[in-house]
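Chemist:
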Amino acid sequence: MSGIDVHQHLWPEPLLELLAARTTPPCARWDHGVWRVSIPGEHDFLLPPHSGEPEDRAQAVRDAGLHRALVALSSVWGIESLPASQARPLLDAWTDAIATLPDELGGWGAVSLDQPDPAEVDHVLDAGAVGVCLPASALADPVGVERVLPLLERLESRLAPLFVHPGPAPWRGHPAATVQAAWWLPTTRYVHDVHDAWHAFAAFGRPALPRLRVVWSFLAGLAPLHAERHAAPGGLAVGATDPLSFYEPSSYGPRALRQIACAVGTGQLVHGTDAPVVQADTDPWSGLGTDALLLARGDNADRLLGTAWVAA
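Counted the way numbering that gives the first Met the number 0 counts, the sequence shown spans residues 0 to 311.
#1: Rounded to whole angstroms, what's the CA-CA distance from Gly166 to Asp290? Just pull it up for me.
#2: For the segment 133-145 and the segment 90-105, state whether three or more C-beta atom pairs, one from each stretch, are separated by less than 8 Å.
#3: Let's see if you can read the secondary structure: which residues bound the beta strand (DSSP E) around Trp107?
#4: From Gly286 to Asp298, what does the alpha carbon distance come to, in whole angstroms?
#5: Rounded to the nearest angstrom, how far is the Cβ of Val329 from that of Leu45, given a contact under 8 Å?
#6: With DSSP as the reference, identify every bridge partner of Gln85, one or two as the case may be.
#7: On the three-state DSSP scale, how would you describe Gly305?
#8: If the criterion is Cβ atoms closer than 8 Å, does the pair Leu90 and Val110 meet it?
#9: Distance check for Val131 and Tyr189, CA to CA, integer angstroms please.
#10: For His270, which three-state DSSP category applies?
#11: Starting from the C-beta of Arg35, find all residues in its chain whose C-beta is less than 7 Å away, skip the five residues before and the five after it, and write them out in chain order.
#12: Measure from the alpha carbon of Val7 to the alpha carbon of each residue in Ala59, Leu293, Leu294, then state which is nearest.
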């Protein structure tokens, strides 16, 4: 079996060293042999061993029977949302890492959201990024969509896709939500972020960007299942039938994936795992079968990536 995983993460050593120089989240420190990352509004995140080594990840991709995986700078860390002067060295370190990835890996570019600049999209694409990853919180309402529209327009004109990923927590949170219950934000805020962004993009982004290809993490928080509700009060019933929106199922299982397949069709599904953050106990594709998985890893991924895709 071959194909592509569109959703993984990688944290190169130069990026972590820059984060270690910071004193406020997002920041990192070397703690008893592992990197401990402090994230705004969340519990500390311990990076899995060797998660920043591109060659180790390339071997894991081969071991999984894939020929490529796309890695992203995790938007929940909030780097893109920092003031531009703070974000710039971190984003540059990520862009430099993308330019030197082994053949088995491709990278999603990251850009500053402090003052959205289409030239940054050009910069990361020219450096080798397959597209740009934006935090869903930047697309959560009409104001957000309008603010990042210049970035999206440049992506569309460059025939490169957008990856929508949950963004940083907008609040510091009660300790019960961030330490004692580490599942709280991934189950609530992350899902709500992508859910809101899906509806906002369907209503306000897609009419302005008819050719932009988009992949939604976490099955867009199951937002396509709400298309009927969206249409009931007079909304446009277009989101679930958008042929340029794709969905990856990381952190969901076979029941959720089957329901999304019924709503959007298997032709809109792509393969994503959120490795190494998520270690799934069940195979989300087990309910749809091998043919659907092959389609997601192959033809569907090719349609998502379009002319931006160069096979390794």
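Using N, Cα and C, we set each Cβ at its ideal position, and we do this for glycine too.
Modeler: Walking through what the data contain:
#1: Counting only the Cα atoms, Asp290 lies some 33 Å from Gly166.
#2: By the C-beta criterion, the segment 133-145 is judged not to be in contact with the segment 90-105, since fewer than 3 inter-stretch pairs fall below 8 Å.
#3: Annotation: the continuous beta strand (DSSP E) that includes Trp107 extends over 104-108.
#4: Whole-angstrom Cα-Cα distance: 20 Å.
#5: No statement about residue 329 is possible, as the shown extent of the chain runs from 0 to 311 and does not include it.
#6: None; Gln85 has no bridge partner.
#7: DSSP places Gly305 in helix when its eight states are reduced to three.
#8: Judged by beta-carbon spacing, Val110 lies within the 8 Å limit of Leu90, meaning their Cβ atoms are closer than that value.
#9: If you draw a straight line from the Cα of Tyr189 to the Cα of Val131, it is about 19 Å long.
#10: His270 falls in the coil class under three-state DSSP.
#11: Cβ neighbours of Arg35 within its own chain (closer than 7 Å, five residues either side excluded): Ala27, Arg28, Asp43, Leu45.
#12: The sequence given here places Gln at residue 7; Val does not occur at that position. Comparing Cα positions, the closest option is Ala59.
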